[in-house]
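Just so you know, the sequence shown maps onto residues 656 to 980 in this note's numbering.
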Amino acid sequence: MTDIEDAIHIDVHLKEDREGALKDLRAGLARTPKELNPHFFYDDAGSALFEKICTLPEYYQTRTEKALLEASAGDIIETTGIEEVLELGSGAATKTRVLLNAMHQAKKLRLYLPFDVNEWIVRRTAKELTQKYPGLKVHGIIGDFEKHHDLIPTGKHRLTIFLGGTIGNFSPKGAQRFLQDIAEGMHPGDHFLLGTDLIKDRQQLHDAYNDSQGVTADFNLNILNVVNSIADGNFDPTGFEHRAFFEETHHRIEMWLDAKREMVVDLPKAGITVTLKNGEGIRTEISTKFDQEKVSALLESAGMRLEKWYTDPDNLFALSLARRI
Ligand SMILES: C[S@@+](CC[C@H](N)C(=O)[O-])C[C@H]1O[C@@H](n2cnc3c(N)ncnc32)[C@H](O)[C@@H]1O
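Structure (structure tokens):
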């Protein structure tokens, strides 16, 4: 084994859990309206499309959160005394590199634990990071962060991070449960860093999910390819239209795929046949937007206390540093 391979360890929990994915699929498509869990977005093509979304001019989230990390990394490292980072939904860890870089420079970087549903992106990221930071150990975990929290190895002086506004994809109850799991896994001296997208100008929000190049539409439609591959199905993505809008009651963007005609779709591995009326939608994502009060209340409800709130001058995005109560 090379030194780099020695520095990388990956646990794969998803292959053992195919039945779990099929169960999610059956449950979502039996609801009214029909829904798909957003984790189905992220096969290799979906992860690559999300990386492209992050570079779009309309998608202010990524560049704003990255700038916030650049401005706050030193303070976070000093305040917390962390030596390892567990990242849930790590993806390509593009922004995380800012934090890892600052920890490396402060001689504090020991271990990085990326946790994601997509194995290809975790392996690629692990290789890139161990090449960049000699001495860094990467322990990747391939799993579902809603189900496999108890499979995360325990640590010390750990910062758990959940970036990209992904917390907005949960229902309010789901977000509370998810954060409770995180709080329960935290030891004295551990911290939590949460990225949240903030409530803002409706047009700016609308444009971020309806980009002019149609990348978000491709990302949304690709979920049907993922479902086909998991369930041996025959969804025809060309028969659907991407729709994303701001829903005022819950302060959230909703993404839908609307059927352009009546259809009957077989998903044999899931043991179901789905019928759609012309114009009927499948909800593929919610993305709730927050303010400081809402984040603080959510953290408290999960057993954590907000310690620091970092935001940009235009209040587009926020990072919250918290610890277990
Ligand atoms: C919105 S992207 C954010 C990626 C990255 N953290 C960022 O901020 O750019 C969500 C990430 O979470 C992962 N993900 C989504 N649902 C997941 C689940 N249930 N379990 C594990 N990973 C999941 C996706 O594969 C994707 O990499």
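Positions of the beta carbon are idealized from the N, C-alpha and C atoms, including for glycine.
All of these numbers come straight from a predicted model, not from anything done at the bench.
- In the three-state reduction of the DSSP assignment, residue 937 falls in the strand class.
- Taking 8 Å as the cut-off, the C-beta of residue 837 does not count as close to any heavy atom of ligand 1.
- Contact between residue 797 and residue 777 holds: CB atoms are separated by about 6 Å, below the 8 Å threshold.
- Beta-bridge analysis with DSSP links residue 771 to 797.
- By the neighbour-count criterion, in which a residue is buried when 16 or more other Cβ atoms sit within 10 angstroms of its Cβ, residue 842 is exposed.
- For residue 731, the enclosing alpha helix (DSSP H) starts and ends at 715–735.
- The stretch 781–798 makes no contact with the stretch 707–723, as fewer than three CB pairs between them are under 8 Å.
- The DSSP-derived three-state label of residue 918 is strand.
- Every alpha helix (DSSP H) stretch that sits fully inside the stretch 864–889 and reaches 4 residues is listed by chain position as 870–886.
- Beyond the five residues adjoining it in sequence on each side, residue 911 comes within less than 7 Å, by CB distance, of 898, 936, 937, 938, 939 in the same chain, given in chain order.
- Judged by their CB atoms, residue 973 and residue 815 are not nearer to each other than the 9 Å cut-off.
- Here the C-alpha atom of residue 944 lies approximately 6 Å from the C-alpha atom of residue 823.
- Here residue 863 is near residue 715, since their CB atoms are less than 9 Å apart.
- Residue pairing by DSSP puts residue 849 in a beta bridge opposite 817, 975.
- If the five residues before and after residue 903 are omitted, its C-beta is found closer than 8 Å to no C-beta atom of its own chain.
- Between the alpha carbons of residue 889 and residue 975 lies a gap of roughly 42 Å.
- Per DSSP, residue 899 is one residue of the beta strand (DSSP E) stretching across 895–902.
- In the same chain as residue 836, and ignoring 5 residues on each side of it, the C-beta atoms closer than 7 Å to its own belong to 804, in chain order.
- Annotation for residue 899 indicates a beta carbon at 8 Å or more from all heavy atoms of ligand 1.
- For residue 668, the closest C-alpha among the options 799, 947, 956, 925 is that of 799.
- In this structure, ligand 1 has no non-hydrogen atom nearer than 8 Å to the beta-carbon of residue 975.
- Within the same chain, 943 come within 7 Å of residue 905 by CB-CB distance, once the 5 residues on both sides are set aside.
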